[in-house]
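What follows is a short report on a single structure.
Chains as they are written, first to last, in UniProt numbering: chain A, 1 to 654; chain B, 1 to 654.
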């Protein structure tokens, strides 16, 4: 039975119109997308599609990675909604044409496999990312259909879906397997949403339910696959391609890395590779949304709480283990080692969005905005052309020679061997409108605050609404309803906000927050205006004392924005700095700094450098200093140097 | 020209008679040595020697590692000086006989190579540890000669030396190479010392001078070797055996890992694999000792200062990088990650001993005793049958699932795949007498304080001396001269000691410390007694603020002993504990704890655990607690748990 859930607004019905997120959408259109398309073209990823479509293109020694074409297809579709660009649209349509030309008759479409191993199919689900790639192609094509109405793209996506339905399932002759990297689950649900065809939902159900199952007469698929490949080929197929294999191995034993150690509905604690995990949990949530399955829902809830209670870094990302990009043990949150991959934060954001739709609660939105502002945005430089894969909370460049720091960087890269994050950010930025406001039967749930114009598909009929705000720079949000209708406007009150007020047509309206949302139920008239004022003084944040590495330390936030100190403002050896608990945090608008930011200053103490032996009889002298913090999302946009989020706090007046 | 240096006392002329170090010698004789010999026997290491000697022994699938037989040979020889044991002596003589039987006519003796690759020799110096093994066999055999007068052992060691002289050198037809793991340098110098034969010294000179050299017509040996092996065998030889290869590779580029990136006399900063480094620097110091070469001496001095100024952990060990067991960058001293291998501390101790002989200075002795008491002893459990390879300053077992913690253990192992440390500790403990007192022409330099009876080979003739002390448990050292002679008694005044006094035959004698030694020059009469009283209240120690990870923290020491907190005494989550600067450190003798130790207590504060979200608006409440510290060398002898050396210090009265 389908569960009653909040509806997403169609992309065409929710357009960002101002504020910081829209600035990033502009950056997407103007910088990120052209740059990334150019990289894919130069790298040969598009040539590989041309070759798969039958065209003769020059051979390259390094064929490029077409894996991320799917994500860029998606981002391009969204970008064309944001700004008309006939040349880009032609290029996109040409690409869709090439993909349809390349697609096999049964729907299979994976240019790199078609070019390099045309006769192999689904031989190494454990490591090949084969369906992960198919999933991203599907999502990209479906975005072209959703955003631009491109029927050819829909046909092409359907073909892939049909191919999967034909190859996978419990019926005799089908493969009872699933991909080592979940993603196709999200694509199948999206295809079901676009077509209404049950078979795609059933295919999703199969992938969710089959994962991690085994029994006496039904070996674990990954065991079976590896055994089959050893017998058939004398070695693992494709598995040996992974340069990470040695590092991952310790975690492979029971396939926890792949979320395949238990059947989905038995999962309770988030574990394994962080991106794989969040994507699979999204698939579980999608299925729960469609089926109303309470057991699956309970698993999703428990997994979410696991993240929230012990595994999310303060910048809203996850994956404490730097070597296997994996979710660590609860409360093990080393600020200088955690992986905090940009894609993992995107995965958490997408999972939170689904949980929000399933059972609206401000806690989901709170976490989503932390991930969005403090990791997704931090993943891109202010020029849109440099990217972070990992987003640690502390970087001491002097130590980066160490092998345990191999994933940590003090400078964003221009591109990477594994360029999964940049196009993932691009597509997420492109579709932000989808996440801002959700619709109940007769309710509008405002989850993310941004300049926005949208149309709510209420039961009583469409209602247009406008939101104007400079959030998260300022805490004032003005919402104007443009049509008459009786409905409840629900506004998320972030848990970090201690004081807020709601005004209706200029008059203060009493309202209490319930499950993180304040509600205004009334018959709205065109022009009615609600204003939410969230107080957002900069504040100190502390971790649960079980978080070993963060004990006795404090970080600074302002609204949803996390702050950090950079060497550029504070000199070297940031670990020398202490923050007295009595120091006042002061904010300053700096128009010309880092694209315009509020900086925060506080009087701090710093251990002075004094010549002497390595170990000494007395503590160093302290000097007063002005600590200056900038929003974390803007770090590493100046000269390379140290960065630090948490500072030891001195308690005065003991 | 031979440099005038302090003389070592022959082993037979310096016997430990009491105190803590002698307790460890008893542990060596009673527990460590029988246990380790049994392990080598069980593991098949001795069988491999029997097989090499021509005996038929059962084949084993896992042939054991005979590499460490050399070290145990050495330890056994010393043990037989400490306590007569006819059965053990027979066993040792039998082993020496087997080795001589196994030795090839040209002197080559390496049972594992002889058994597994009889026709290969010196093919992969980069990775094979082949000469490292030969070196340890030589040292073991020479110890049997030095301690027991076994001429067969000397013959056998000479044979190995002759083999090396024949194979290596700059002459045409000889190999211009050197081992990837230095050690043979020390053995050659020892062989030179036992025989007086110049050719062994020349061979040492070759190995020291040739290392790291390259030029247009003289490629770097390791480059040449790898190229030759690829051409000859199509792959690296033996190199692929290293399970660490992948981790090391980043540091191999210029052979810095192997101290072969520069010629020895150009070395200034200690770098590379910590054990390899210290062993090679020992070889350099040995050569400098013999040749009076000032340039080489300057290099040694600079390398030592490099360690002392930025790379030694507070427990006297080195090697900050956990993955390649390597020396890190200065001031990068992560307490929870540093490798601090037991063998590396031994290497540093041996290097310090040579520097002390070359240019006597208390700083060398200070560092030697830190390494000895806080790493070498910590490397062994109180039962003598469990060992640490790594000696970090902080262990949080909850985090040990992480791959970057793969080398960190919270419990000593019974044995290990790479059992280099236990027999290395065994041999060092066995020869401690060698390091306590050094002899000048007419001077006695007391460098380590321990119960001791020794005979000084002064120019004027032998002088017997007795030392009685419970150091480092107590700071009182009584030295009695038993023969008449005019000479200067020099006593090391540790830099940590703020107050000390010297008494001669019961009367206070004014004396100043110069270069870390107080001097008493007089005509000594039999029975004359000097007493040194070192005040050793427990004290706080602080690191240079450039040591990023140790900022704002303090550790506790008492005399040369480092202290730590264990979970057994202080509960879990030691990172929650703060130490106010005003807290008094109190010491308590606990006879029944950990073999009898002074414990230290102090009133501390601890963040209380309170339910709540992972990140919070306010800091945790603090509770008072009694922090209890035990000597670091005794940690991990009770139930497994956390351990921590450094604690954040709160400054009160700001």
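Yeah, the Cβ is synthetic: ideal placement off N, Cα and C, and Gly gets one too.
Only a predicted model underlies this, so the values are computations on that prediction, with no experimental measurement involved.
Cα atoms of residue 618/B and residue 564/A: separation of roughly 19 Å, rounded to the nearest angstrom.
Boundaries of the alpha helix (DSSP H) around residue 86/B: 86-102. Put simply, the region 321-336 of chain A touches the region 398-409 of chain B. At least three CB pairs are less than 8 Å apart.
The beta carbon of residue 190/A is closer than 8 Å to those of 138, 139 and 142 in its chain, skipping five residues each way along the sequence.
Residue nearest to residue 136/B within the set 152/B, 574/B and 181/B is 181/B (criterion: CA-CA distance).
Neighbours of residue 475/A across chain B, judged by C-beta separation under 9 Å, do not exist; the nearest C-beta is about 17 Å away.
Contacts with chain B at 8 Å (Cβ-Cβ) include residue 573/A. Contacts between residue 648/A and chain B, judged by CB atoms closer than 9 Å, involve 551, 552 and 648 in chain order. Residue 8/A sits in a strand when the DSSP states are folded into three classes. Contact of residue 317/B with chain A by beta-carbon distance below 8 Å is absent, the smallest such distance being about 13 Å. Within chain B, the C-beta atoms nearer than 7 Å to that of residue 612/A come from 544, in chain order.
For the pair residue 367/A and residue 350/A, the CB atoms are not nearer than the 8 Å cut-off. Note that the region 585-596 of chain B does not touch the region 609-623 of chain B; fewer than 3 beta-carbon pairs, one per stretch, sit closer than 8 Å. Between residue 431/A and residue 145/A, the CB-CB gap reaches or exceeds 8 Å. A direct Cα-to-Cα measurement between residue 422/B and residue 218/B gives close to 40 Å. Residues of the same chain with a CB within less than 7 Å of the CB of residue 110/B, apart from the 5 flanking positions on each side, are 130, 133 and 134 in chain order.
Using a CB distance cut-off of 8 Å, residue 287/A does not count as an interface residue toward chain B.
Residue pairing by DSSP puts residue 321/A in a beta bridge opposite 326/A. In terms of CA proximity to residue 24/B, 377/B leads the group 363/B, 377/B, 645/B and 254/B.
Going by C-alpha positions, residue 417/A is about 22 Å away from residue 279/A.
From the beta-carbon of residue 308/B, the residues of chain A found nearer than 7 Å are 614. No Cβ of chain A is located within less than 8 Å of the beta carbon of residue 299/B. Residue 624/B places its beta carbon 8 Å or farther from that of residue 649/B.
The beta carbon of residue 389/B sits no closer than 8 Å to any beta carbon of chain A. Proximity of the region 89-97 of chain A to the region 12-27 of chain A falls short of the contact definition, fewer than three beta-carbon pairs being nearer than 8 Å. Residue 439/A is bridged by DSSP to 7/A and 444/A. Taking 8 Å as the cut-off, the beta carbon of residue 295/A is found closer than this to the beta carbon of residue 265/A.
Unbroken beta strand (DSSP E) runs of no fewer than 3 residues, entirely contained in the region 607-632 of chain B, are found at 622-631, following chain order. Under the DSSP assignment, residue 371/B falls in the alpha helix (DSSP H) whose first and last residues are 362-371.
Contacts with chain B at 8 Å (Cβ-Cβ) do not include residue 563/A. By the Cβ neighbour-count rule, residue 490/A is buried, with 16 or more other Cβ atoms within 10 Å of its own. Per the C-alpha coordinates, the member of 60/B, 310/B and 186/B positioned closest to residue 71/B is 186/B. Residues of the region 312-341 of chain B that bring their beta carbon within less than 7 Å of a beta carbon in chain A comprise 312, 314, 321, 322, 323, 324, 328, 329, 332 and 337, in sequence order. Nearest C-alpha to residue 537/A among 41/A, 588/A, 80/A and 528/A: 588/A. Looking from the CA of residue 443/B, the closest CA among 429/B, 211/B and 463/B belongs to 463/B. Boundaries of the alpha helix (DSSP H) harbouring residue 282/B: 274-291, taken from the DSSP string.
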